[in-house]
Structures are given as structure tokens and as C-alpha cells.
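Chains as they are written, first to last, in our numbering: chain Z, 1318 to 1515; chain E, 19 to 397.
Don't be surprised by glycine CBs; every beta carbon is placed ideally from N, CA and C.
Given the structure is predicted, the values throughout are model-derived calculations rather than measurements.
Just below is one structure, and these are the notes that go with it.
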Amino acid sequence: MNDTEAARTSRTERRIQWLFAAVVIVFPLQFWFTKHVAEPYPALLLPSFEGAGLDAAGRYATELADVVVTFSDGQSRTIGLRRLFAEAPSSQFEAMSRIGLHPKAGGPPPTNLWGRTALEKAIPPRLVPGFVLRKTRLYYWAGVDPATVDWMRGRMKELFPERTAVRVDVVWYMQVYTWQDGRRSGERTPVDTVVVPL
Amino acid sequence: MDERSLAIGRIIFALALLALWFDPNNPRYLWIAKFPESFYAPPPGLGFFLHRPPPALVMWLLMAGVFTFTIGLLVGWKTRVMGLALAATMLIGNSFEYSFGKINHDSLTIVVALTMSFSGWERAYSADARRGPFRDEPPAWPLALLALLIGLAMFSAGWPKLMSGWLDPSTQSAKGHVIANLYATERPTAGASLALTYGPTWLWELLDWGTVGIELAFLPAAFSKRALRIVCALAACFHAGIHFTMDIFFYPNLVAYGMFVDWERGLEVGGLRRAMEWWGRTAGRVRGWMLPVAGTLVAGVYSISGNPVVTVLDAGGDGRWVRDSVLAMTAAAAGVVFLVWSVGSRLRPAFTAAAGRLFRMQGGIAGGRPGHLGHHPDV
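Given below as C-alpha cells:
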């Protein structure tokens, strides 16, 4: 091996060492960011399935929704969120339903959300519009977005082509399952209802 | 690692993507065009810089890109470029697909494409291999880096469980998540119903501990090839269990584990060796222009008629479920075989030594030569 090749090999080895060091340093930072800010993409993460899931009494609590469709003849029909969002992957529909059809505790977004001056208000929507949308859609609620209403109208036509849907109620409830001795029992408590007039 | 093992790993990776990446019910990247932008809430990343997801044509082109680069990997044409391009395309496409509130944790697919592009997996059964010999040895660091990244990724799954009560014997976390998956996510499986009906508490608790144990074992195991293979084999069984109870088939992890398998041992089977040699010759005839043509055609077929693998398997019921079940069982069976072989090879020297001592003792008793039990060596 001549000097040039030896120098190149040494440089390559140093770069590889830096690469391993970078991985070891970046991973905890990414882990911290995910835990305390939000999960980024891309990230070196696998599903944590955090939480005990079942409490000591063998109960599992989760918030679910029924979609109650009212037709022009006054009759109604109830379907699940999975069916409403059948065109989305099964991994996505719960999150999507929370973005578009679930009221948020924050209420409508405040006017000074991004600052007080016109300049402060203008920068985030121009620089990082996706961040603005994420914040307003995950933490604030000003009713169902008109685009969602349009989508719902089209979806009802696909699901019930023979009938005319006039209104959709998304009824959120807290469901508690108890599974003991091989038997399931459950109780549900209404939480909120989102009305989508079509 | 043998170059042929790396090459077979590359081919398995590409075939797995072609068979599994494209969801038959909700076509990858294309489904987002069916939803309005009012569902768009991207995570920190590329999506932050857009106010809506890209139009359907862009997403279709990204999907066609994934197929083109995957086929490029399959035949090994400019393999490093194909691997890096595949990783970049998936990263961009996934960034938009995961902008609707949920990130699917399949980043190990991208990690495999990135790291293995430098491993020398193009050195056999590929168009690159037909072009000319490689002078230097394939580097070892990409596999070491992949092992470290898998270890860290699994740690990111195991540590939150450890810290959030999975080991608490008074609660059964795995059971809770199976119930959630069954009712909230609406993924019913016979395995979940059976396990919930007949599974005793101690079994659920064992699953809690086993899950945390396997996930945390990957990181220390990354420093030993043998230990890592054993943990990967155990994890293959673990993933099969998740598939049959929760209908979640985590193929990105399985293909990542597959990079550490000595596939060249399978070449002792004549038929497989001949098939691989044929594949190498066929790949050598591939020209660059064929890849975008093939990629576009495959993307067209997939987006019009769905995943053909699933379409064929639909004859036997739910094609996606059949496909995932067969692959999950195959991976688990391979894991069990490896574990048995591994334990056997560990015990063999001790057994041989003990048998030798026994033979010598018996030979002494029988008055013959030690080790021959008094028989003539030619008999």
C-alpha cells in the first residue's frame, strides 16, 4: 500500500468512526425530542406501545366514535370509523378522525397565536405552513372544516348510493372494556358529538 | 460476511418490497389523494414546508420511483445508486404519507437501503458483478452500523415499555394493546380472540416481560454476531405472534434481520445454486433504460389492479392475510430452526467430549482399544 492509499484508508476510517459517533450522539437527542416535543419524520423509532394498557382491575379504556348517518326519509344508520375511512390504511384512520372530526380542548385558535405584529403573524405561515396547520388542527377547533364536509358528502354517496344522507353525527364516547375469565363486558360514556350537516 | 449472502439478502429485500410494500387495500402514497387537505397535519420534517400534500401525480411518480429503484436493486444495476435513490424516494414519499396524523414505523426499510448500499451486496448475482471483478474486500462497517441502528430502534420501543409499567405484574400491557387493536383499531383476528378467551394472566405477564426483554436485548447483542442472530431468531417468532394476534406484520424488521443470515449455506442445495447463477446471468443482460420502463409498468399494474401477489392469493381467501401469515410463519420457522441448530452446535462439543469419555471408559471395560468399544475399526 503506497502513501496515497494509506492516507485515503485512514481518512475513510476516520469518517466511519465519525458516522458511528454521530449515530450514538443523535439518537438520544431524537429520543428526547420525540418524548418532549413531537415525533419527527424521519426518525429511528419503532412503536413504543407505551402504557400499561390494562389497569389492575383488568379494564381497558379508549375513546371511540360511532358515525350516525341520517337520511332524507328520517331514518338513520350507524357505521364505524373504520368504514367511514375505508380508503385510508387501518393504521391511519384513528389519527385522521381525531384531526378532522374531534373537538379539541383549545377551542378556536386565538388571533395572536403566532405573535402580535403583522410581521410575526405572517412569518410562520409562509416559512413553515405545515407546522401552522399541524398546531391549529391538533390543538384547536373551530368546527368541521368545509373541505371535510365536502369529503363527507362524497363519501356518503359512495357508501349509500341509493339514499340521500342529510346529516352525519360523529358521536365520541369513552369505552371501557373489561375482559376477565374469558368474557368481555363493556360500558360507554358519551363524550362529545360533532354534527356534520350535508 | 460472504458476498453471496449479502447478494441474496439484497434480492430478498427487493422481492419483499415488491410483494409487501404496496398495500393492496390502500395503495401506498396514492390513497392520500382521496382525502382533502383538511386532514393534513404533518409531523416535524419535510411536510412542515408545504401547506398541503403534493398532488396525486407527484405521489404516483414517487411510487413509480420506489418500484424502479427496487427493480434496480433486484437486478443489481448500479446498485449503490439504486439503494440510495430508493432510500431518498421512500423518505420523501413517506414524509407526505405520514402527514395525516400517524407515522408508521417502517424506517428500518430505509435504514437497510442506506447502510447496505455500502456493504458490497452488489458483488454477486447482479449486473454490477457481471461488469467486472472487485479488487478489495467488502467493508464490514455497514453491517455493524445496521446492527447498531436496529439495536437503537428496538431500544426506542423497549425503553418506554420498561418505564411505563410493562413489567408491573398487576397489569397486563400486551393484553390491553391486543384489546385496543381488536376493538379500537378494528383489526379482528382469531389469535386475539383465542388468546383473550383462554390466555391465563401469567401468560400475558410472560408476554409483557418477553416483549421488553427481546426489544432491549438487541442493543447489547449488536456487539456480537452470534448473539444478534439469536435475538433476531427470537424476534422472528415474536413478530409472528404479533401478526397472528394484532394483524400487524412488521416485515421491515424481518428484512433487516435477514441481512445477518448466512444465506450462502442454502447454495449447497443444487437447485437454488443453479437458480441464483441463472439470475446472475439474466441480471447481466439488463440495460439501464429497462429499469424506468419496468418500474413504470409495475407501478401501472399495481395502481390499476392492486398488488398481484395478493390478487393471486385472494383465491385462497383474504390474500393479504394469507401472504402475511405464510411469510410470518416461514420467518418464525426459520428462527426456530436456527435456534435449535445454534443450541445443538453449542452442545455438540460437550456431547462429543462426554461421548468420547464414555467410549474410552467402555473400551477400557471391554478391554479393546479406547474409543472403539472393542470392535475392529474396519467393521
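Practice item. For the alpha helix (DSSP H) holding E:Trp297, just list the boundary residues, first then last. Key: Locating residue 297 of chain E in the second sequence gives position 279, where the first residue counts as 1. Residues 288-302.
Exercise for review: Run down chain A in chain order and give the residues with a C-beta less than 7 Å from the C-beta of E:Asn122.
Suggested key: Among the protein chains in the structure shown, which are Z and E, there is no chain A.
Check your understanding: Are Z:Met1413 and E:Gly65 touching if we call contact CB-CB under 8 Å?
Key -> The residue you call residue 1413 of chain Z lines up with position 96 of the first sequence. The residue you call residue 65 of chain E lines up with position 47 of the second sequence. Taking 8 Å as the Cβ cut-off, Z:Met1413 and E:Gly65 do not qualify as a contacting pair.
Review point. What whole-angstrom Cβ distance do Z:Pro1357 and Z:Phe1350 have, given they're in contact under 8 Å?
Key: Here residue 1357 of chain Z corresponds to residue number 40 of the first sequence, with the count starting at 1. Here residue 1350 of chain Z corresponds to residue number 33 of the first sequence, with the count starting at 1. Their Cβ separation, rounded to whole angstroms, is 6 Å, which keeps Z:Pro1357 and Z:Phe1350 in contact under 8 Å.
**Study point:** Near-chain E residues of the segment 1384-1402 of chain Z - C-beta to any C-beta below 7 Å
**Key:** So the list reads Gly1397, Arg1399, given in the order they occur along the chain.
Check your understanding: CA-CA distance, E:Pro206 and E:Asp265?
Key -> In the second sequence, the residue the question calls residue 206 of chain E occupies position 188. In the second sequence, the residue the question calls residue 265 of chain E occupies position 247. Each residue's alpha carbon lies about 8 Å from the other.
Check your understanding: Could you give the uninterrupted runs of the alpha helix (DSSP H) lying entirely in the segment 85-136 of chain E, keeping only those of 4 residues or more?
Key -> If you keep only unbroken alpha helix (DSSP H) runs of at least 4 residues inside the segment 85-136 of chain E, you get 97-115, 125-134.
Check your understanding: Under a Cβ-count criterion, where at least 16 other Cβ atoms within 10 Å of its own Cβ denotes burial, should E:Pro42 be classed as buried or exposed?
Key -> The sequence position of residue 42 of chain E within the second sequence is 24, counting from 1. The residue is buried, with at least 16 neighbouring Cβ atoms inside 10 Å.
Review point. E:Ser144 to E:Gly306, Cα distance in whole Å?
Key: Residue numbering aside, residue 144 of chain E sits at position 126 when the second sequence is read from its first letter. Residue numbering aside, residue 306 of chain E sits at position 288 when the second sequence is read from its first letter. Their backbone Cα atoms lie some 13 Å apart in a straight line.
Check your understanding: Taking Cβ-Cβ distances below 9 Å as the criterion, which residues of the segment 53-83 of chain E are in contact with chain Z?
Key -> Under the 9 Å Cβ criterion, the segment 53-83 of chain E contributes Phe53, Pro54, Glu55, Ser56, Phe57, Tyr58, Ala59, Pro60, Pro61, Pro62, Gly63, Leu64, Gly65, Phe66, Phe67, Leu68, His69, Arg70.
Exercise for review: Determine whether the Cβ of E:Ala202 lies closer than 8 Å to any Cβ atom of chain Z.
Suggested key: Residue 202 of chain E sits at position 184 when you count from the first residue of the second sequence. Judged by the 8 Å Cβ criterion, E:Ala202 is in contact with chain Z.
Review point. Looking at the structure shown, is E:Thr310 part of a helix, part of a strand, or coil, going by DSSP?
Key: Position 292 of the second sequence holds residue 310 of chain E. Before going on, a small fix: residue 310 of chain E reads as Pro here, not Thr. Note: E:Pro310 maps to helix in three-state DSSP.
**Study point:** Listed by chain order, chain Z residues near E:Trp49 by CB distance under 9 Å
**Key:** As a working mapping, residue 49 of chain E is identified with position 31 in the second sequence. Neighbours of E:Trp49 in chain Z, taken as residues whose beta carbon is under 9 Å from its own, are Glu1404, Ala1405, Pro1406, Gln1409 in chain order.
**Study point:** DSSP three-state assignment for Z:Gln1497, whether helix, strand or coil
**Key:** For the purposes of this step, residue 1497 of chain Z is identified with residue 180 of the first sequence, where counting begins at 1. Z:Gln1497: strand per DSSP, three-state reduction.
Check your understanding: Roughly how many angstroms separate the alpha carbons of Z:Pro1514 and Z:Met1473, rounded to a whole number?
Key -> The count along the first sequence starts at 1 and reaches residue 1514 of chain Z at position 197. The count along the first sequence starts at 1 and reaches residue 1473 of chain Z at position 156. Taking the straight line from one Cα to the other gives about 12 Å.
Exercise for review: Could you spell out where the alpha helix (DSSP H) holding E:Ala171 opens and where it closes?
Suggested key: Within the second sequence, numbered from 1, the residue matching residue 171 of chain E stands at position 153. Counting along the chain, the unbroken alpha helix (DSSP H) around E:Ala171 starts and ends at 159-181.
Review point. When DSSP labels each residue in this structure, what does Z:Arg1394 get in the three-state scheme?
Key: In the first sequence, residue 1394 of chain Z corresponds to position 77, counting from 1. The answer is strand: DSSP assigns Z:Arg1394 an E or B state.
Review point. In three-state DSSP terms, what is Z:Met1491?
Key: Here residue 1491 of chain Z corresponds to residue number 174 of the first sequence, with the count starting at 1. Strand.
Exercise for review: May I have the straight-line CA-CA distance separating E:Ile197 from E:Ala210, to the nearest angstrom?
Suggested key: Indexing the second sequence from 1 puts residue 197 of chain E at position 179. Indexing the second sequence from 1 puts residue 210 of chain E at position 192. E:Ile197 and E:Ala210 have their C-alpha atoms spaced approximately 8 Å apart.
Exercise for review: Using 10 angstroms around the beta-carbon of Z:Phe1448, count the other beta-carbons present and answer buried if the total reaches 16, otherwise exposed.
Suggested key: As a first step, residue 1448 of chain Z must be located in the first sequence, where it is residue number 131. Flag for Z:Phe1448 reads buried.
Practice item. Using the Cα positions of E:Ala240 and E:Ala165, report the straight-line distance between them to the nearest angstrom. Key: Here residue 240 of chain E corresponds to residue number 222 of the second sequence, with the count starting at 1. Here residue 165 of chain E corresponds to residue number 147 of the second sequence, with the count starting at 1. Here the alpha carbon of E:Ala240 sits roughly 5 Å from the alpha carbon of E:Ala165.
Review point. So with Cβ pairs under 8 Å, would you call E:Ala175 a contact of chain Z?
Key: In the second sequence, residue 175 of chain E corresponds to position 157, counting from 1. Taking Cβ atoms only, chain Z reaches closer than 8 Å to E:Ala175, which makes this a yes.
**Study point:** Residue of E:Asp186, E:Leu36, E:Asn44 minimising C-alpha distance to E:Ala82
**Key:** Position 64 of the second sequence, counting from 1, holds the residue named residue 82 of chain E. Measuring C-alpha to C-alpha distances from E:Ala82 to each of E:Asp186, E:Leu36, E:Asn44 identifies E:Leu36 as the nearest.
Check your understanding: Are any of the Cβ atoms in chain E nearer than 8 Å to that of Z:Trp1516?
Key -> Chain Z is shown from 1318 up to 1515; residue 1516 of chain Z falls before or after that span and cannot be answered.
Point to revise | Residues that E:Leu167 contacts on chain Z, provided the C-beta gap is smaller than 8 Å | key: Taking the second sequence and counting its residues from 1, the one referred to as residue 167 of chain E is at position 149. Taking a Cβ-Cβ threshold of 8 Å, the residues of chain Z close to E:Leu167 are Val1340, Leu1361, in chain order.
Check your understanding: Could you check where the beta strand (DSSP E) with Z:Tyr1377 kicks off and where it finishes?
Key -> As a first step, residue 1377 of chain Z is located in the first sequence; it is residue number 60 there, counting from the start. Counting along the chain, the unbroken beta strand (DSSP E) around Z:Tyr1377 starts and ends at 1376-1388.
Check your understanding: From E:Pro71, E:Leu163, E:Leu285, pick the residue whose C-alpha is nearest to that of E:Trp56; which is it?
Key -> Stepping through the second sequence from its first residue, residue 56 of chain E is reached at position 38. Strictly speaking, residue 56 of chain E in this sequence is Ser, with Trp absent from that position. The option with the nearest alpha carbon to E:Ser56 is E:Pro71.
Review point. At what residues does the alpha helix (DSSP H) containing E:Ile50 begin and finish?
Key: Locating residue 50 of chain E in the second sequence gives position 32, counting from the first residue. Run containing E:Ile50: none; DSSP gives neither H nor E here.
Check your understanding: Is the shortest distance between the beta-carbon of E:Asn44 and the beta-carbons of chain Z less than 8 Å?
Key -> On the second sequence, position 26 is the one that residue 44 of chain E refers to. For E:Asn44, the answer is yes, since a Cβ of chain Z falls inside 8 Å of its Cβ.
**Study point:** Cβ shell of E:Ala59 (< 6 Å), same chain only, five flanking positions each side left out
**Key:** By one-based count along the second sequence, residue 59 of chain E stands at place 41. Correct list, in chain order: Gly119.
Check your understanding: So what does E:Gly12 bridge to, in DSSP terms?
Key -> Because chain E spans 19 through 397 in this model, residue 12 of chain E falls outside it and cannot be assessed.
Check your understanding: Does the distance from the C-beta atom of E:Gly353 to that of E:Ala254 stay below 8 Å?
Key -> Locating residue 353 of chain E in the second sequence gives position 335, where the first residue counts as 1. Locating residue 254 of chain E in the second sequence gives position 236, where the first residue counts as 1. Yes, Cβ-Cβ distance for E:Gly353 and E:Ala254 is below 8 Å.
**Study point:** Short Cβ contact (8 Å threshold) for Z:Gly1375 with Z:Thr1495
**Key:** Counting from one through the first sequence, the residue named residue 1375 of chain Z turns up at place 58. Counting from one through the first sequence, the residue named residue 1495 of chain Z turns up at place 178. Note that the C-beta distance between Z:Gly1375 and Z:Thr1495 is below 8 Å.
Check your understanding: With a cut-off of 8 Å, does the C-beta of E:Met277 fall near any C-beta of chain Z?
Key -> Numbered from 1 along the second sequence, position 259 holds the residue referred to as residue 277 of chain E. It does not: the Cβ of E:Met277 has no partner Cβ on chain Z nearer than 8 Å.
Practice item. Specify the secondary structure class of E:Arg387 as computed by DSSP and reduced to three states. Key: The residue labelled residue 387 of chain E in the question sits at position 369 within the second sequence. Note that E:Arg387 scores 48 on pLDDT, short of 50, meaning its location in the model is unreliable; the coordinates nonetheless yield the value given after this. Looking at E:Arg387 - three-state DSSP - the assignment turns out to be coil, as it is neither helix nor strand.
Practice item. Starting from the C-beta of Z:Phe1410, find all residues in its chain whose C-beta is less than 7 Å away, skip the five residues before and the five after it, and write them out in chain order. Key: Within the first sequence, residue 1410 of chain Z is the residue found at index 93, counting from 1. The answer, listed in chain order, is Leu1398, Arg1399, Phe1402.
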